[in-house]
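Residue numbers (the numbering used here): 6 to 1119. For every residue, glycine included, the Cβ atom is placed at its ideal position computed from N, Cα and C. This one's a predicted model, so the numbers in the text were calculated from it and none came from an experiment. Down below is the structure, laid out as structure tokens.
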């Protein structure tokens, strides 16, 4: 109840309030009532020792199939069941027990990990001194001490650090997989509180957001009381929050106040995030279940009605065993009789629903994970293997029809190299690490005797406008040490660390050209310009966001005391912020834009660079407005953006950069293979149109013979006419089309012409979408995903900006790139290189889909083959509800007689070799549109099952007619011998049917089939050969039946012949299909090539000997 009240309190306030040190400041006029928050105890387990059985049973019986079999078991107990209730109870208990044991073991592992985390030591400020406590004992508001290389025990607001600048380095690999160091900062007013004694006197009220799962979003404010009634107000942001699970690096000790604890930490909230994707096979399986349920109800109704119709005929009156021989005797039908007979038929026929399907499929999916063992999917550079986060979707890899891919870091290496720049209308180029002027007329590079002033200013701006961190190493030892102002640069080797590869490439290029960023100290940025030391004070950082598409830094030049706002970003954002008040500025803008387009045609990533001088009064006004905007909790982004839009206006354009990002190895081959496999590829990128189009041509996404349609720069007025023009062009039957659309045009098309735009896209072979925001990427995926065809969509990316489209797609794929690991963490599958996608889809996707579809179809097949003879027997026995099978057969058929081979089949079968699937991508089309789970294939399996039942039942029926089996000593065959022989044939036929379906015979598969047949034989020998009590009552009827079956050579011969006749159509079907099998063609082709090679070799040897003989003769 207290937790509920706390949540209601939080919702009412829409924010969280807490006191530092859990002590309210005495200076507060109106003290705030702070509720008690959740403890720091972590609980990822689901069950306890007391509630495991009831809770687990409740969860398992929420599944429709388990609930159905539970109802059948209850009915069997409640009525005069034709078979023992144990025939339903034991399989159900087996399924529930296996699932329960698996879930209990998994939960025990979670309990063990929880105890390890909760009992870890921590140091908390209590009564003015650091006290050792358990991690679970930390409370919201406690000040916690964390030392180097330790993990943060909860989400902490950084207050102070051993670093005098109030910063610390952190690695968040446990959260998002990013291995690069991130720098976090403390609020300026708390940095000096770097001892427990100072922190013990701190009094402050913190107001922040309610707990949420976004790792990269934190907003709050702190009211810090320093002895007066008016507190100092400080804004809090993401760079102040140290997340649980992250690890402290390169800093001896930090102090932070706990803000979120326990299950409210961002790490715990992300752990709870679930993925509700369902595979196409699972959906088809549910349709088949509904079909059999309807068929089951129909069988029950028909048999019940026909039974009472038959009992009213003269035939029944003349049959003494119906006990209706008396005069005027009529059949009285009561409601109880109808219910009894209906439920009896339900008990007999319910085995048509395979109870073992769910547990077999669940165990199979658990053991069948993404091929982490496949060395072909292991990166040779990073040694990282493929990763599976959602094994339930493995088979969906074989159904992909649309692939949406990011460009940077996915198709390209995301390793940036500075190549070109445009400064004040002049072009420059990098030549062997040095910058040269580029003659635009003859395209010749000319060395520069010295840096022009405009170029120096441009490079200086690039060297200051960033968030790059500097680490220094001694050149001789390579050991990382702290930077020192007294240490000469010549003795050190600078290394730059940046979250963005673009920023790192630009800063490294500036250093090569003589403008070296040496690092920062107390917000002072140190530059070395041609050996001259220059100092700047960083005043503000306006971080990059996807809406503004630029970032800015406000600095003060300590030598001139001037304040500059330095800005860089996409030209679509920066150029419109630049002042064009005179002809010179307009000419410079047009020239720079032309150069940017030239760089884009070379496939380079472009950025525009500008700056603005601010007066002290302007900066103070902006700083005050920005501080006030940052202290708001609701709509902070909008408030901050209004201020930044005013700051980033009237800029002076300096120039532009062109950075090269090389294509990954194997991208073109992979795209060609996907196209041949029938998969349409859309490239969604944030780059400008020219860059994206150039990359599309270079990677083979666009071809020279294609007609490229463009929907760029559209406004709402002219969008319809342009779309209509593209629509008419794309409907021509003699062309291949590609489409280019930019972000602004896409928004107009999605808002007003959604259906027609998709029709144009659908007719295009390749699509490139440029200047896309993360939200637009997800909307584009949703556009295709929700179209009339409902195609299976996959999305692949490597950065946080790709997460939305990855989660929107049916199958999310992450690339282990250089833009962090959030995409990998949120994806269903992940691997290190884009080229691995070819084998993931064409090979493993093909195998997974074929295995799972065969497993499902076979599970339905074997139950139809097993229980349909019971329907035949019911008809031939005047609907007497007498079972044809013994209780043992009904109980164990799905548990032991047929379950192991199909499980092993699902793990190891390969319908086609990997080499063949890789070399012939068109084979992927054969399984497209859920081909193996179509109703046609389903009815094909069902017809084979019905054929097997007809041959088995009626063939055996005629064998038993007129005492044909010829049992010794004048014995006559009875029902129990008939049933035993029937189930024996059924077990052998259904297992051999799977052998015919198999394509890849491993020792495990062959052994599983042999063991299943042996286990059946041994079980029957024991059960039929020992006088036992069957479920509490003596059952002498089946005694010795299995042995009697072997006493008749005629019966054994007939059983073998019936089994062969059953499988003849299956064998013929395999022979017909095998004649066109790709493996056969592939082997014939290899044999022909080897024969040709052998012929050439023999010819070569003969010619060589002939030459030798001629030489000897000479």
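Supposed close pair residue i, residue j - CB separation, criterion 8 Å
i	j	result
residue 663	residue 609	4 Å
residue 705	residue 463	In fact, because the Cβ distance is near 36 Å, the residues do not count as touching under 8 Å.
residue 402	residue 853	6 Å
residue 735	residue 694	Going by Cβ atoms, the distance from residue 735 to residue 694 rounds to 19 Å, so no, they are not a contact pair.
residue 109	residue 57	7 Å
residue 530	residue 607	Not a contact, Cβ separation roughly 32 Å.
residue 698	residue 773	6 Å
residue 837	residue 988	Not a contact, Cβ separation roughly 52 Å.
residue 309	residue 343	6 Å
residue 570	residue 515	Between residue 515 and residue 570 the Cβ distance is about 19 Å, and since that is not below 8 Å, they are no contact.
Which of helix, strand or coil DSSP assigns to residue i
i	result
residue 393	strand
residue 22	strand
residue 814	coil
residue 232	coil
residue 350	helix
residue 836	strand
residue 1005	coil
residue 378	coil
residue 685	strand
residue 421	strand
residue 1037	Any reading at residue 1037 must be qualified, since the residue scores a pLDDT of 39, below 50, and its modelled position is unreliable; no value is offered.
residue 560	strand
residue 384	coil
Limits of the alpha helix (DSSP H) - the one that residue i falls within
i	result
residue 123	91-123
residue 294	285-315
residue 988	980-1002
residue 888	Note, residue 888: premise wrong, no alpha helix (DSSP H); not H, not E.
residue 31	It is not in any alpha helix (DSSP H) - residue 31 carries neither H nor E in the DSSP assignment.
residue 959	940-965
residue 694	694-703
residue 520	Not the alpha helix (DSSP H): residue 520 falls in the beta strand (DSSP E), residues 520-526.
Close Cβ partners of residue i (< 7 Å) along its chain, the five nearest in sequence each way excluded
i	result
residue 528	542, 543
residue 381	844
residue 777	689, 690, 691, 748
Cβ shell of residue i (< 8 Å), same chain only, five flanking positions each side left out
i	result
residue 1110	Any reading at residue 1110 must be qualified, since the residue scores a pLDDT of 46, below 50, and its modelled position is unreliable; the value itself is stated next. No residues qualify anywhere along the chain.
residue 233	32
residue 753	719, 720, 721, 724
residue 359	864, 865, 867, 868, 899
residue 585	591, 594
residue 339	none
residue 297	357, 358, 865
Residue i - containing beta strand (DSSP E), residue span
i	result
residue 219	Run containing residue 219: none; DSSP gives neither H nor E here.
residue 771	771-775
residue 782	It is not in any beta strand (DSSP E) - residue 782 instead sits in the alpha helix (DSSP H) that spans 779-790.
residue 748	Counting along the chain, residue 748 falls outside any beta strand (DSSP E), though it belongs to the alpha helix (DSSP H) covering 748-757.
residue 569	568-574
residue 249	Run containing residue 249: none; DSSP gives neither H nor E here.
Any chain C beta carbon closer than 8 Å to residue i
i	result
residue 915	Checking the listed chains, one finds no chain C in this structure; it contains a single protein chain.
Own chain residues within Cβ distance below 6 Å of residue i, not counting five before or after
i	result
residue 926	678, 681, 682, 847
residue 768	735
residue 41	none
residue 199	165
residue 29	36
Stretch-stretch touch, CB-based, cutoff 8 Å, three pairs: the segment 807-816 with the segment 636-646: No, the segment 807-816 is not in contact with the segment 636-646.
Touching by the beta-carbon criterion (3+ pairs, under 8 Å), the segment 893-905 and the segment 95-102: Segments in contact, yes.
The segment 943-957 / the segment 1064-1072 touching (three or more Cβ pairs under 8 Å): When C-beta atoms of the segment 943-957 are compared with those of the segment 1064-1072, three or more pairs fall below 8 Å, so the two segments count as touching.
Inter-stretch contact at 8 Å, needing at least 3 Cβ pairs: the segment 445-455 / the segment 861-877: Counting Cβ pairs under 8 Å, fewer than three are found: no touch.
Inter-stretch contact (C-beta, 8 Å, three-pair minimum) for the segment 121-138 and the segment 58-66: These segments do not touch.
At least three beta-carbon pairs within less than 8 Å, the segment 710-727 to the segment 740-754: Counting C-beta pairs with one atom in each stretch, the segment 710-727 and the segment 740-754 have three or more that are closer than 8 Å, which means they touch.
Stretch pair the segment 251-263 + the segment 158-169: three plus CB contacts closer than 8 Å: As far as the Cβ criterion goes, the segment 251-263 touches the segment 158-169, which means the pair count is three or higher.
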